[in-house]
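J.: I'd like to ask some things about the structure below.
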Amino acid sequence: MVPTNYYLLLSAILFGLGIVAFVFKRNIITIFMAIELMLNAVNLAFVAFSQALGKTEGEVFVLFVIVVAAAEAAVGLGIIIVTARNRRSLNVERVDLLKL
Amino acid sequence: MTGPVIIFFVLAALAVLGAVSLILQRHPIHSALSLIVVMVALAGLYLLMGAEFVAAVQIIVYGGAIMVLFVFVIMLLNAGEEERTNFSKLATYAGIPLAVATAGLIAAAIVRSSAGLSSAGPNGTLTSTKTLSMLLFREFVYPFELTSFLILVAILGAIVLAQREN
């Protein structure tokens, strides 16, 4: 049997890599993918705890997280399309003014 | 090492490699394909733990719907390689230490708090979809209905944002 700690450590590693991608990448779409990576890491921890404690509630929360991630992806990519149309660039360092 | 542990390490290595590849690739479409590898590996891990319904949803919703949306937007905007800019000196020097510190903090907190429960570990018994749906449609039926409002608002928001102004 695989110890729960292994899953939780993998979850922490993936979350850390998500933070690294979030900080280092400059393309706004890739930064958005980093957020999805962090959400996935959290889901892994949820399922690991759910299975270790023998409670199914954790998996229900994972389903809710996936629903919220889908809604977030729809709205976020809409914002990205508008930003790219207005600025003619996907680089976040060129999007540093609230006013055009 | 028993079979499940070997499978775990293979899938974990696949997930970590995919995440590292997401960071190292310069073209967004390559990053998106790396992220799909991570998601499929995580679906395998869910199956290993016995969460079969979550594994299926992970493949269908994350690997299918959300990533198709990403790839679609990348192609719609004709996103090219990342350009190198050096506007932010702070991110260059503080980025890696801060990321390592945060990951270490989370890992330390997790290991300390889970010391009591890790003796047995997930036993790999399947969570029956029946149990999951009983829980979802009885105890969590109110949050479940609220998510449909959330999706509705998200659809409206995406349409309003993406339409051209006249």
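One line per chain: the protein sequences are D and F, in this order. First residue of the first sequence: 1, per this note's numbering; consecutive thereafter. First residue of the second sequence: 1001, per this note's numbering; consecutive thereafter. We put the CB at the ideal spot given by N, CA and C, even for glycine.
1) With distance defined between alpha-carbon atoms, name the residue in N5/D, V23/D, T4/D nearest to A1094/F.
2) Could you tell me whether the Cβ of V47/D comes closer than 8 Å to any Cβ of chain F?
3) Should S1113/F be labelled buried (16 or more other beta-carbon atoms within 10 Å of its own) or exposed?
4) Going straight from the alpha carbon of L1186/F to that of R1084/F, what length do you get?
5) In chain order, what residues of the same chain lie with their CB nearer than 7 Å to the CB of A1120/F, ignoring the 5 residues before and after it?
6) Using a Cβ-Cβ cut-off of 8 Å (strictly less than) and excluding sequence neighbours within five positions of N91/D, which residues of its own chain qualify?
7) Put N27/D into one of helix, strand or coil per three-state DSSP.
8) Residues of chain D with a CB under 9 Å from the CB of P1004/F: which are they?
9) For Q1058/F, is the classification buried or exposed, using 16 other Cβ atoms within 10 angstroms of its Cβ as the cut-off for buried?
10) Considering only the alpha carbon of each residue, which of L17/D, L9/D, P3/D lies closest to P1097/F?
11) DSSP beta-bridge partners for N91/D?
T.: Let me lay it out:
1) V23/D
2) True, the Cβ-Cβ gap to chain F drops below 8 Å.
3) So S1113/F counts as exposed.
4) Residue 1186/F is absent from the structure shown; chain F starts at 1001 and stops at 1166.
5) Its pLDDT being 48, under 50, A1120/F is placed unreliably in this model, and the coordinates cannot settle the point.
6) R26, N27, I28
7) Correct three-state label for N27/D: strand.
8) M1, V2
9) Under a 10 Å Cβ-count criterion, Q1058/F is classified as buried, with 16 or more other Cβ atoms of the shown protein chains found around its own Cβ.
10) L17/D
11) N27/D
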